[in-house]
Amino acid sequence: MKKIQNNVPSVTQIVNSVLGEPLYGTEWHLRRGAMLHKAISLHLQGKLNEKTIDARILPHFESAKKAIRDLNLSQYIFVETKLYHHLYQFSGTPDVITSDAIIDWKSSHSETSEAQLGGYVLLAETQKIHIKKCIEIVLEDDRYVITEYKPSRGKSLFLACLTIYNWRREWKRLK
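In structure tokens, the structure reads:
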């Protein structure tokens with residue numbers, strides 16, 4: 525893995541800058557999302573003591589476990605691992621990369637998911653991983669909803685965002 529640069533934008537920064545930030549709700553919703561991502565990450569790595577899970581995120585966590593079982597997700601190459609793209613000069617932390625898929629956990633559907641997942645596909649390709657599907661999994665209290673995206677379209681959308689992002693940065697420097 526190549527050394528990660530600290531001064532490069534993240535996939536999320538690029539996409540949100542160009543497409544707008546999704547509505548996240550309150551500060552509590554942001555904290556809940558961070559806690560849920562951490563719990564899922566630890567679970568996938570076999571390091572989670574489920575007795576320590578905050579009861580307020582437990583229903584969403586149970587939905588994640590059900591999705592993991594139903595989708596037979598078992599071979600993880602990266603879980604919440606920051607990656608860097610040397611050529612395009614950006615970084616990102618995909619939720620899960622398997623041998624052929626990228627999984628993005630969400631609390632609600634985001635219109636920017638397809639472009640975000642496309643950025644993660646480019647990062648996976650730097651690790652010689654050929655992604656066949658991009659999956660957004662929206663976790664709800666008692667169920668989950670899957671939206672699958674084509675990697676090629678997601679990459680095109682992300683590269684369009686990256687081009688506009690870089691053009692704006694260059695334009696600001698020339699002002």
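Each residue of the sequence shown is one higher than the last, beginning at 525 in the numbering used here.
C-beta: ideal position from N, C-alpha, C; glycine also.
Asked	Found
Could you pull the start and end residues of the alpha helix (DSSP H) that GLU551 belongs to?	551-568
Of all the options SER534, LYS589, GLY549, ILE538, which has the alpha carbon lying nearest to the alpha carbon of HIS561?	LYS589
Could you give the residue range of the beta strand (DSSP E) that holds ASP624?	Unbroken run through ASP624: none, as it is neither H nor E.
Quick check on TRP748: buried or exposed, where buried means 16 or more other Cβ atoms within 10 Å of its Cβ?	Past the boundaries of the shown model lies residue 748; the chain is included only from 525 to 699, so the question cannot be answered.
Measure how close the beta-carbons of LEU641 and ILE626 come, nearest whole angstrom, since I'm counting them as under 8 Å.	6 Å
Could you give the distance in angstroms between the alpha-carbon of VAL603 and the alpha-carbon of LYS657?	16 Å
Given a cut-off of 8 Å on the beta-carbon distance, is the pair ILE653 and SER623 in contact?	yes
Would you be able to state if there are at least three C-beta pairs under 8 Å between the region 528-543 and the region 552-569?	no
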